[in-house]
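The structure under discussion appears below in the form of structure tokens.
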Amino acid sequence: MMNRLDKTALLPPDVDRPSFDPASLKVGIVHLGLGAFHRAHQAIYNDLAIEAGAATDWGIAGASLRSVDVVADLKAQDYRYCVITRGPDGDKARVVYSIIDAIAARQERDRLLERLVDNATRIVTLTVSEKAYGIDPISGGLDLSHAAIAHDLKTPEQPIGPIGFLVETFARRMRLGRDPITVLCCDNLPGNGHVVRHLVVEMAERRNPELARWIERDMCFPSSMVDRIVPAATGGTRQLATSLLGADDRLALETEPFTQWVIEDDFAAGRPAWEAGGAIFVENVHAYEKMKLRLLNGSHSLIAYLGQLNGLDYVRDVMAVPAHVERVREHMEAVLPSLDPVPQIDLGIYRQELVNRFSNPAIAHRTAQIAMDGSQKMPQRIFAPAMERLAVGDNAQGFANVVALWLAYVGSSEHLDDPRATELKAAALLAESTGSAAAFFDIPGLFPSELMNNSKWRSLVDAHLLVIRGR
Ligand code: CS2
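Residues 160 to 630 (the working numbering) make up the sequence shown, in order.
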């Protein structure tokens with residue numbers, strides 16, 4: 160039988176790993192959302208920070224709010240797993256040590272809350288995906304019809320969602336006289352720190368205004384921009400890991416060499432020296448996040464819908480078609496005037512780098528994975544720059560095309576993966592029979608009012624939809 164990657168595994172010398180002993184670490188961070196992204200991004204910066212500063216009090220307790228499998232697998236492997244970087248120089252494996260505890264919130268809610276409330280916990284980080292927060296698209300506040308929000312308002316002491324867990328954590332910390340801490344959101348939302356702060360304060364306000372005031376005054380919610388393309392792992396990833404490690408790793412991940420993390424340096428109770436892993440600390444992350452959400456993620460959504468509508472399964476397949484690459488470059492060109500100058504970044508080089516990253520032949524990133532949850536992704540990726548371009552007199556034609564590609568995809572997909580799938584599918588049926596996207600624009604809160612009320616731009620969407628469907 161194949162050896163398992165755990166603390167007894169003897170690894171080949173060319174597999175990177177930290178030089179510290181994971182048994183020497185203590186928890187200083189609780190992370191919510193144990194998906195591939197966190198494990199291939201923050202956890203590595205954290206390993207490098209601990210190593211550089213011998214900062215053994217910044218271990219991570221990772222919590223999964225939904226899945227229980229990742230927790231069981233981490234436990235079975237003594238919390239070790241490998242990240243394989245795949246680029247032009249070949250494949251390189253690195254074993255990660257930073258995660259030293261794993262908690263399945265569904266099974267161990269109390270233990271998770273104990274960790275969150277512990278005085279040793281000074282930072283709570285999050286990667287739970289856009290849809291998990293429960294943001295009302297119209298008010299920007301709590302969506303009271305969101306299942307986790309509704310649940311956590313009703314039974315606040317037994318939370319299930321990220322906002323509910325944070326509010327209950329603060330309620331307990333206040334009661335126990337614990338120190339203020341930092342909440343660091345690492346999801347692809349604009350002003351992600353502000354968003355989370357707003358939701359947490361609103362939920363706390365409903366429980367106890369004094370709690371809301373304490374959170375507002377003493378907790379820190381820095382925003383951050385995160386970037387690394389980490390496709391969902393497959394059987395192939397596991398095979399590759401076996402060949403590189405000589406051990407079986409159920410949690411192996413593959414990713415690209417590129418990685419970026421820009422963080423507002425606003426922490427209530429210290430932080431690891433993540434700059435040792437290349438993180439950049441800034442006063443304001445806004446320009447970086449706008450650049451990334453609009454150039455990278457916006458192009459990603461365009462590529463995903465082009466791929467899905469043309470039978471191309473992977474991002475790299477779309478990028479192998481010159482006409483599609485041309486379209487992606489044109490989209491980036493259209494986004495450019497909506498961006499602010501980004502310190503230390505040459506946007507020309509950044510755009511070329513994106514084309515190269517999307518084209519990486521070793522990265523099998525499914526267009527279906529990116530295409531999901533369009534209702535949660537389109538606002539910051541496509542609608543926001545479209546609105547800004549319209550406001551200064553541009554016709555935002557290209558953005559109308561991306562929206563039409565998304566709507567055509569919604570109409571054609573058999574199993575639409577989106578929290579608003581029912582409403583979207585119903586609108587798609589109407590759009591099919593009327594030949595107009597009006598039914599989509601009628602869905603409350605799907606499009607911002609500036610786009611809903613712009614009949615000229617809407618007719619561009621209709622025209623593109625007609626052409627796409629006619630193909
Ligand atoms: C992607 C992102 O799935 C998606 O919607 O656009 O996950 C993307 O790969 C990352 O943000 C890259 O940093």
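For every residue, glycine included, the Cβ atom is placed at its ideal position computed from N, Cα and C.
- At a threshold of 7 Å, Q528 counts as near ligand 1, since its beta carbon sits closer than that to one of the ligand's heavy atoms.
- Straight across, the Cα-Cα distance linking H445 with H357 is about 17 Å.
- Look at the beta carbons and you see the stretch 402-419 touching the stretch 231-243: at least three pairs across the two are nearer than 8 Å.
- Per the DSSP secondary-structure output, D260 pairs in a beta bridge with A220.
- Contact check for R510 against M491 passes: the beta carbons are separated by less than 8 Å.
- In this structure, DSSP gives G336 a state outside helix and strand, which the three-state scheme calls coil.
- Between V230 and L285, the alpha-carbon positions lie close to 16 Å from each other.
- Each of P544, L513, L619 and V551 was checked against the Cα of L564, and the nearest Cα belongs to L619.
- T167 carries a coil assignment under DSSP once its states are collapsed to helix, strand and coil.
- If only uninterrupted alpha helix (DSSP H) runs of at least 4 residues are considered, those enclosed by the stretch 499-536 are 506-518 and 526-530.
- DSSP places T593 in the uninterrupted alpha helix (DSSP H) bounded by A580 to T593.
- By the C-beta criterion, the stretch 268-285 is judged to be in contact with the stretch 340-352, since at least 3 inter-stretch pairs fall below 8 Å.
- A straight line joining the alpha-carbon of I439 with that of V421 spans about 5 Å.
- Per the C-alpha coordinates, the member of Q266, A168, V186 and S595 positioned closest to R239 is A168.
- In the three-state DSSP reduction, L343 falls in the strand class (E or B).
- For E413, the secondary structure class from DSSP, reduced to helix, strand or coil, is strand.
- D180 is classed as exposed because its beta carbon has fewer than 16 other beta carbons within 10 Å across all chains shown.
- The continuous alpha helix (DSSP H) containing T396 extends over residues G394 to L404.
- In the displayed model, S382 falls within coil according to three-state DSSP, outside both helix and strand.
- Between the stretch 239-250 and the stretch 206-219 there are fewer than three C-beta pairs closer than 8 Å, too few to call the two in contact.
- For R356, the uninterrupted alpha helix (DSSP H) segment begins and ends at N351 to R366.
- Beta-bridge annotation (DSSP): A252 is paired with I243.
- In the structure shown, F426 adopts coil according to DSSP, grouped into three states.
- Separation of A597 and S382 (C-alpha to C-alpha, rounded to the nearest whole angstrom) is 36 Å.
- Comparing C-alpha distances from V227 to each of S257, A427, H200 and R268 shows the shortest one belongs to R268.
- Counting C-beta pairs closer than 8 Å gives fewer than three between the stretch 415-435 and the stretch 367-376, which falls short of the contact rule.
- Here Q467 has T526, A530 and Y568 as same chain residues with Cβ atoms under 6 Å from its own Cβ, once five neighbours each way along the sequence are excluded.
- In this structure, ligand 1 has a non-hydrogen atom nearer than 7 Å to the beta-carbon of H459.
- If you keep only unbroken alpha helix (DSSP H) runs of at least 4 residues inside the stretch 429-471, you get 445-450 and 457-468.
- Buried is the label assigned to L403, since at least 16 other Cβ atoms lie within 10 Å of its Cβ.
- Annotation: G394 to T401 spans about 11 Å, alpha carbon to alpha carbon.
- Here DSSP, grouped into helix, strand and coil, assigns Y238 to coil.
- Going by DSSP, G187 is part of the beta strand (DSSP E) stretching over V186 to L191.
- When C-alpha distances from V484 are compared across L583, L495, A463 and D499, the shortest belongs to A463.
- Residue range A306 to K313 is occupied by the alpha helix (DSSP H) that includes I308, with no beta strand (DSSP E) assigned at that position.
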